[in-house]
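Presented below is the structure to which this report refers.
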Amino acid sequence: MKLNVISVQDFGESLEDIIDSAQRLKKGALKNSDPLKGKTLAMIFEKASTRTRVSFEVAMEQLGGHAIFLGTKDIQLGRGETISDTARVLSRMVDCIMYRASKHDMMLELANSATVPVISALDEIEHPCQAVADLMTIKEQKGKLKGLKLAYVGDGNNVCNSLMLGAAMVGMNFVAACPEGYEPNSRLMRQADKLAKKSGGSVKVIEDPGEAATKADVLYTDTWVSMGMEDETHERERIFKPYQLNSGLLKKGKKDCMVLHCLPAHRGLEITDEVMDGPRSFIFDQSENRLHTEKAILLALIH
Ligand code: CP
Ligand code: NVA
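Mapping of the sequence shown onto my numbering: residues 1154 to 1456, in sequence order.
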């Protein structure tokens, strides 16, 4: 069976199993075996990456397989070869394709043309692998997910969309505080709402960051200027200023409220040094958990 991970929703019922598998891998499961021996992952990057690239490459290596980095400047895709032809060629040689796409449509085209599993490593709509690491980090600290209040403050972007869907799938109470016009994707909000009704969770989008943070178990933020939006930097910094994750906002959360950020962070903008480096921050555990969750995802997709 061919399975793609383009949205968090593609994990379906397996989402919590993948989180649990990542926790076992972190504790040393499969340490002395190479379950992906002889398997190759092609990684196409149309945008920059530190965590995603390194976590997938190290994950493949530690599982006994191999990863090939394909930057668009180096492959024929950057000279006009179609994404569909690229997918067909790679499918003849590798076991899985990971793609960080400039456009969601390109992601869909690659997934439609590939005959091996495709993993989204982010596009402008979602960042599904990030959400798995986020939920793992929360479960690691809190021992559960269901019933927790997860508050996201800032831009309703790709990271927010995937987090919202993932939280809804596992029965969390998700609230996003975003300025008007910067809410999460409306189609995904409707889907998240349906998922939350099934899981016993809830999804809310409001404007007031203070209200979102009140009694939160987890406070999450991401950059105000995602890759490809650099032209809007000045305007966005002005609009998002009241949404900074600082110690005042953190005080509104529960006493043991944890802080997450997918990174890279823009210190002094969406998050202060004090919060990022403070005792409630699990941001670097979250970043390490990318490695463990990529392993669990790869094991679930490549046999
Ligand atoms: N969080 C994340 O995906 O980071 P990179 O852009 O460095 O991969
Ligand atoms: N929202 C950010 C996430 C980076 C990992 C972006 O798309 O640039």
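We put the CB at the ideal spot given by N, CA and C, even for glycine. Values in this document were obtained by computation on a predicted structure and should not be read as measured data.
{"Item": "Ligand 2 heavy atom lying under 7 Å from the CB of V1285", "Value": "no"}
{"Item": "Through-space distance from K1190 to F1222, alpha-carbon basis", "Value": "18 Å"}
{"Item": "Residue from G1319, G1381, P1332, A1330 with nearest C-alpha to Q1344", "Value": "G1319"}
{"Item": "Beta-carbon proximity check, T1374 vs G1300, cutoff 8 Å", "Value": "no"}
{"Item": "Assigned secondary structure, L1168 (DSSP; H/G/I helix, E/B strand, else coil)", "Value": "helix"}
{"Item": "Coarse secondary structure for V1323, derived from DSSP in three states", "Value": "coil"}
{"Item": "Check: L1275 C-beta below 7 Å from any heavy atom of ligand 1", "Value": "yes"}
{"Item": "Cβ neighbours of D1361 in the same chain (closer than 7 Å, five flanking residues each side left out)", "Value": "A1330"}
{"Item": "Proximity to T1193 [Cα-Cα], best of D1248, S1237, G1231, A1182", "Value": "D1248"}
{"Item": "Sequence-distant residues of the same chain with beta carbon closer than 7 Å to H1257, five excluded per side", "Value": "D1276, E1277, I1278"}
{"Item": "Straight-line gap, K1350 to E1210 (C-alpha atoms, nearest Å)", "Value": "37 Å"}
{"Item": "Residue range of the alpha helix (DSSP H) that includes R1204", "Value": "1204–1215"}
{"Item": "Environment of S1160 [buried if 16+ CB atoms lie within 10 Å]", "Value": "buried"}
{"Item": "N- and C-terminal bounds of the alpha helix (DSSP H) containing R1241", "Value": "1236–1244"}
{"Item": "Element boundaries [alpha helix (DSSP H), containing C1282]", "Value": "1281–1295"}
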